[in-house]
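Numbering of the sequence shown is given in this note's numbering, commencing with residue 43 and proceeding in unit increments. To start, the structure under review is shown below, and the notes come after it.
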Amino acid sequence: MAHEQHQQLLETLHECMEECNHCFDACLKEDDVKMMAECIRLDRECADMCGYLEQAISRNSPFVKELAGVCATICEACGKECEKHDHDHCQKCAEACFKCAEACRNAA
43 MAHEQHQQLL ETLHECMEEC NHCFDACLKE DDVKMMAECI RLDRECADMC GYLEQAISRN
103 SPFVKELAGV CATICEACGK ECEKHDHDHC QKCAEACFKC AEACRNAA
């Protein structure tokens with residue numbers, strides 16, 4: 043099964059999705075939510091894309107390589123935005139995003 047050969051990628055995608063969802067939620071609770079708007083937007087995009095790619099892999103989609111390329115781009119953008127913020131949740135999210143972007147590039 044295709045999902046078995048992508049097990050490490052599936053785990054990395056899931057970890058990134060969870061970190062992005064946590065960051066998204068934590069950003070909404072920050073004092074200056076407007077300052078966090080781009081971070082919140084990209085957290086949402088990244089979590090959704092990671093979740094979608096995870097599903098695509100599990101159903102053996104013929105588009106995994108293409109989707110992995112798009113996912114790498116989104117993860118990279120989210121990581122770059124998150125690393126601009128000093129909040130612990132943003133720093134952890136950036137780390138997960140960069141790790142996921144690399145894994146997706148390798149799959150693409």
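Quick reminder that beta carbons are idealized off the backbone N, C-alpha and C, glycines included. Nothing here was measured: the structure is a model prediction, and the numbers come from that model.
Under 8 Å Cβ to Cβ from G111, same chain only, skipping five residues before and after it: list those, please. C146, R147 and A150
Own chain partners of K107 with C-beta closer than 8 Å, once the 5 adjacent residues on each side are dropped: A149 and A150
With DSSP collapsed to three states, give me the class of S103. coil
For E16, does the three-state DSSP call read helix, strand or coil? Absent from the structure is residue 16, since the part of the chain shown begins at 43 and ends at 150.
Which value, in whole angstroms, describes the spacing of the CA atoms of E118 and N102? 24 Å
Hey, is the region 45–55 in contact with the region 72–84, meaning 3+ C-beta pairs nearer than 8 Å? no
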